[in-house]
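Undergrad:
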């Protein structure tokens, strides 16, 4: 009897090891990771590469926590049917929610959609405020698109100075993009008085 009790007691104190899961769980994306992927447009590819494991987490952070970066991510997933059932209207709703909270990539993307007539009905004038706000927040793609629209006589001449200044401030190691920025500045200069050009350059030096 004593021997049986000893055996039972020994079994009770023996550590129990969990059965290892198949594959490793994907950690929830950080805000910095998302921001970096937005810049390179890798966010949807990353969600797919992770086997769509974080869909519920992404949805919860968009719907319940109302994280603006996750709202944009979830909205983009919905708009293009990435790891979720495609729902363009709901996707645009979450993109707008992110844009209202000042997410540059959301502002740029909505502006681009209006400018190009992609998903949304084409309205280049309506694209201007989105692109202008994103450009002011440092989004390079928005700065380029805003300048292109202004050169094509959309928007207001009152925006020329800011658009020129933002192009002047933009730093890039991409030679092709650097040439594009310089060409856009030259085209804007043809529409601007010399004193406004000089002022824009002068203000850029304090940035």
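In the working numbering, the protein residues as written are 1 to 207. No residue lacks a Cβ here, since even glycine has one placed at the ideal position from N, Cα and C.
1) Within 10 Å of its beta-carbon, does residue 68 have 16 or more other beta-carbons around it, so buried, or fewer, so exposed?
2) Roughly how many angstroms separate the alpha carbons of residue 190 and residue 108, rounded to a whole number?
3) Below 8 Å on the Cβ atoms is my guess for residue 128 versus residue 154; work out the distance and round it to an integer in Å.
4) With distances taken between CB atoms, is the gap from residue 135 to residue 146 smaller than 9 Å?
5) Is residue 71 buried or exposed, if buried means 16 or more other CB atoms sit within 10 Å of its CB?
6) Can you give me the C-alpha to C-alpha distance between residue 140 and residue 178, rounded to a whole angstrom?
7) So residue 160 and residue 167 are supposed to be a Cβ contact under 8 Å. How far apart are they, rounded?
8) Pick out whichever of 133, 163, 123 has its Cα sitting closest to the Cα of residue 102.
9) Can you give the Cα-Cα distance for residue 163 and residue 50, rounded to whole angstroms?
10) When the Cα atoms are used, what is the spatial distance from residue 81 to residue 87?
11) In chain order, what residues of the same chain lie with their CB nearer than 6 Å to the CB of residue 21, ignoring the 5 residues before and after it?
12) My output table needs one value for residue 59: the three-state DSSP class, helix, strand or coil.
13) May I ask which residues mark the beginning and end of the alpha helix (DSSP H) holding residue 228?
14) Rounded to the nearest angstrom, what separates residue 199 and residue 158 at their Cα positions?
15) Considering only C-alpha positions, which residue in the set 64, 95, 203 is nearest to residue 77?
TA: So, from the listed chains and residues:
1) buried
2) 26 Å
3) 6 Å
4) yes
5) buried
6) 11 Å
7) Not quite, the Cβ-Cβ distance comes to about 11 Å (not below 8 Å), so this is no contact.
8) 133
9) 38 Å
10) 7 Å
11) The predicted position of residue 21 is uncertain, since its pLDDT is 41 and thus under 50; a value taken from the coordinates is nonetheless stated next. Result list for residue 21: empty, nothing under 6 Å.
12) helix
13) Shown here, the chain extends from 1 to 207; a query on residue 228 therefore has no answer.
14) 14 Å
15) 95
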